[in-house]
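Okay, so here's the structure we're looking at.
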Amino acid sequence: MTDMNAIIGRLGALFVESLHIEAPSPDTDLFETGILDSLQLVELLVQLEQRFGFKLKIDDIDLDDLRSLERIAGLVAARTAGAGTQTAQLLSLTNRASAIGSPRESVPGESQLPAHSAR
Numbered sequence: 001m002t003d004m005n006a007i008i009g010r011l012g013a014l015f016v017e018s019l020h021i022e023a024p025s026p027d028t029d030l031f032e033t034g035i036l037d038s039l040q041l042v043e044l045l046v047q048l049e050q051r052f053g054f055k056l057k058i059d060d061i062d063l064d065d066l067r068s069l070e071r072i073a074g075l076v077a078a079r080t081a082g083a084g085t086q087t088a089q090l091l092s093l094t095n096r097a098s099a100i101g102s103p104r105e106s107v108p109g110e111s112q113l114p115a116h117s118a119r
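Numbering follows our numbering, with no gaps: position 69 of the sequence shown is 69.
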């Protein structure tokens, strides 16, 4: 399980460092309070992708997910958990492929062609 408090802490740092905004409380509505304007929202999306390592398609963006640090943390947790699972699956497949060996090694009785030297 992802530690939501750690993500909220990282988001608070993001607000201070990248958006130059004092980190609001986790449940503060960023839109109703006017903390985020449209340009800052775009910068927030860029920073989320860079700092947490996932991509957001424009069609997948739900403004309610970006309404507060708490909600953004939930979005980050969901996206990074999925990315972590995909990465783990990819590493597992890579390790299995390495264990099997190359296709050439697994074909019995096939002769190897000599390597050509550059002249």
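Each residue gets a CB set at the ideal place from its N, CA and C atoms; glycine is no exception.
- Following the DSSP letters along the chain, one finds G12 inside the alpha helix (DSSP H) bounded by residues M4 to E17.
- One thing to note: F54 has its Cβ no nearer than 8 Å to the Cβ of R71.
- Within a 10 Å sphere around the beta-carbon of A73 sit 16 or more other beta-carbons, which makes this residue buried.
- Assignment of alpha helix (DSSP H) within the segment 7-78, counting only whole runs of 4 or more residues, yields 38-52 in chain order.
- S25 counts as exposed, since fewer than 16 other C-beta atoms from the protein chains shown sit within 10 angstroms of its C-beta.
- Apart from the 5 residues on each side of it in sequence, L63 sits with its Cβ closer than 8 Å to the Cβ of F31 in its chain, given in chain order.
- Of the other Cβ atoms in all chains shown, 16 or more fall within 10 Å of the Cβ of V76; this residue is therefore buried.
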